[in-house]
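To start, the structure under review is shown below, and the notes come after it.
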Amino acid sequence: MSSLELPKTTRFAGKSEVPRSYWDKIAARLEAHFVEGYVLSDVEDPQQLFRFYAEININNSRLWQLFKDLAAILPDVCACLFCPYGDEVTYGEYQDKELTLAVLGSLKSELAADCRLEFGLIYNDEETLIEIYVAESKFVKVWGIDRPHFEQIMKQYGIPEFEKMRFVDEFPKVVVPLTTLDSQAKSTEEVLNLLTKAFAPEGRE
Numbered sequence: 003m004s005s006l007e008l009p010k011t012t013r014f015a016g017k018s019e020v021p022r023s024y025w026d027k028i029a030a031r032l033e034a035h036f037v038e039g040y041v042l043s044d045v046e047d048p049q050q051l052f053r054f055y056a057e058i059n060i061n062n063s064r065l066w067q068l069f070k071d072l073a074a075i076l077p078d079v080c081a082c083l084f085c086p087y088g089d090e091v092t093y094g095e096y097q098d099k100e101l102t103l104a105v106l107g108s109l110k111s112e113l114a115a116d117c118r119l120e121f122g123l124i125y126n127d128e129e130t131l132i133e134i135y136v137a138e139s140k141f142v143k144v145w146g147i148d149r150p151h152f153e154q155i156m157k158q159y160g161i162p163e164f165e166k167m168r169f170v171d172e173f174p175k176v177v178v179p180l181t182t183l184d185s186q187a188k189s190t191e192e193v194l195n196l197l198t199k200a201f202a203p204e205g206r207e
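Below you can see the structure in the form of structure tokens.
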């Protein structure tokens, strides 16, 4: 099985780039295997509003299309959520899903490759929580209620299930701005401003 394709803005750190206290993690990373796949946990607690939780490793060139297809597990009206890595999440207004995906699609290059950005879609009411979230290292987290539908999408992509997996965010990394690699790309701040304008206009200064 081939190694996972990382975003072009991210690489694993070497010993010379981290404090000595991180060297054990560097050594562990050298022994780890990173591949496409997912891990899934069923949720039996009736107090929870979702029935399963999954984490997915996906080759970065396939991330955007997978995100679009996973959106099928959400209702036709949902909200976008987004944030700079490590900061507070902004929750947008509930809007038509296809219109929301169209806006996100206009920024797909930045959303898929900029590891200083996190984003997703959510539907939440008194009985249900469904969320697709792309974390900074560009693996995908899913909270859902229809496990067969989710597994059908994984099968469509040929993404296998594992009991355990390693994810990039477990290890020291070096992240560079996307704009240093692509002169046509929008900066993290530009993307966040566009998302705020589209989905959370009340959050603008």
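Residue numbers for the sequence shown, in my numbering: 3 to 207.
From the three backbone atoms N, C-alpha and C, an ideal C-beta is built for every residue, glycine too.
Please report the straight-line C-alpha distance between valine 20 and glutamine 97, rounded to a whole angstrom. Within the sequence shown, residue 20 is the residue found at index 18, counting from 1. Within the sequence shown, residue 97 is the residue found at index 95, counting from 1. One C-alpha to the other measures close to 43 angstroms.
Measuring only the C-alpha atoms, how far is leucine 194 from lysine 110? As a working mapping, residue 194 is identified with position 192 in the sequence shown. As a working mapping, residue 110 is identified with position 108 in the sequence shown. The straight-line gap from Cα to Cα measures roughly 13 angstroms.
Whole angstroms is fine: what's the gap from glutamate 163's alpha carbon to isoleucine 134's? Start at 1 with the first residue of the sequence shown, and residue 163 comes out as number 161. Start at 1 with the first residue of the sequence shown, and residue 134 comes out as number 132. One C-alpha to the other measures close to 18 angstroms.
Say whether the stretch 68-88 touches the stretch 100-107, bearing in mind that this needs 3 or more beta-carbon pairs closer than 8 angstroms, one atom from each stretch. Yes, since at least three Cβ pairs between the stretch 68-88 and the stretch 100-107 fall closer than 8 angstroms, the two stretches touch.
Unbroken alpha helix (DSSP H) run spanning glycine 233, endpoints: As shown, the chain starts at 3 and ends at 207. That puts residue 233 outside it, with no answer to give.
What span of residues does the beta strand (DSSP E) with glutamate 133 cover, start to end? Numbered from 1 along the sequence shown, position 131 holds the residue referred to as residue 133. Looking at the DSSP string, the run of the beta strand (DSSP E) that includes glutamate 133 is 131-136.
How far does the beta strand (DSSP E) with phenylalanine 121 in it extend, from its first residue to its last? Translated into the one-based positions of the sequence shown, residue 121 becomes position 119. Note, phenylalanine 121: beta strand (DSSP E), 119-126.
Using DSSP with H/G/I as helix, E/B as strand and the rest coil, what is glutamate 207? Residue numbering aside, residue 207 sits at position 205 when the sequence shown is read from its first letter. Its pLDDT being 41, under 50, glutamate 207 is placed unreliably by the model, and the measurement read from it follows with that caveat. In the three-state DSSP reduction, glutamate 207 falls in the coil class, being neither helix nor strand.
Measure the CB-CB distance between valine 41 and glutamate 165 and report whether it falls below 8 angstroms. Counting from 1 along the sequence shown, the entry for residue 41 is found at position 39. Counting from 1 along the sequence shown, the entry for residue 165 is found at position 163. Contact: yes.
Proximal residues to valine 141 (C-beta, below 8 angstroms), its chain only, five neighbours per side dropped: Numbered from its first residue, the sequence shown carries residue 141 at position 139. Checking the sequence, you will find phenylalanine at residue 141 rather than valine. Exclusion of the five residues before and after phenylalanine 141 leaves Glu57, Ile58, Asn59, Ile60, Phe169, Val170, Asp171 as the residues of its chain whose Cβ lies within less than 8 angstroms of its Cβ.
Helix, strand or coil for leucine 183 per DSSP? Within the sequence shown, the letter at position 181 stands for residue 183. Three-state DSSP puts leucine 183 in coil, outside helix and strand.
For isoleucine 75, name the three-state secondary structure that DSSP assigns. Within the sequence shown, the letter at position 73 stands for residue 75. Helix.
In the DSSP assignment, what residue or residues form a beta bridge with aspartate 44? In the sequence shown, counting from the first residue as 1, residue 44 sits at position 42. Partner residues in the beta bridge of aspartate 44, as assigned by DSSP, are Phe54.
Considering only C-alpha positions, which residue in the set Glu120, Ser43, Val91, Cys82 is nearest to alanine 104? Counting from one through the sequence shown, the residue named residue 104 turns up at place 102. Among Glu120, Ser43, Val91, Cys82, the Cα nearest to that of alanine 104 belongs to Cys82.
Contact between the stretch 20-36 and the stretch 186-203 (3+ Cβ pairs under 8 angstroms): Touching, no.
Consult DSSP for glutamate 100 and reduce its assignment to one of helix, strand or coil. Translated into the one-based positions of the sequence shown, residue 100 becomes position 98. If DSSP states are grouped into helix, strand and coil, glutamate 100 belongs with the helices.
Where does leucine 106 fall in DSSP's three states? By 1-based counting over the sequence shown, the position of residue 106 is 104. It is helical.
At the level of alpha carbons, what is the spacing between glutamine 67 and methionine 167? Here residue 67 refers to the residue found at position 65 of the sequence shown. Here residue 167 refers to the residue found at position 165 of the sequence shown. Going by the C-alpha atoms only, they are around 22 angstroms apart.
Classify tryptophan 25: buried if its beta carbon has 16 or more other beta carbons within 10 angstroms, exposed otherwise. As a working note, residue 25 is residue 23 in the sequence shown. The C-beta of tryptophan 25 has fewer than 16 other C-beta atoms within 10 Å across all chains shown, which makes the residue exposed.
Just to confirm, is the Cβ distance from threonine 12 to lysine 175 under 8 angstroms? Counting from one through the sequence shown, the residue named residue 12 turns up at place 10. Counting from one through the sequence shown, the residue named residue 175 turns up at place 173. Yes, Cβ-Cβ distance for threonine 12 and lysine 175 is below 8 angstroms.
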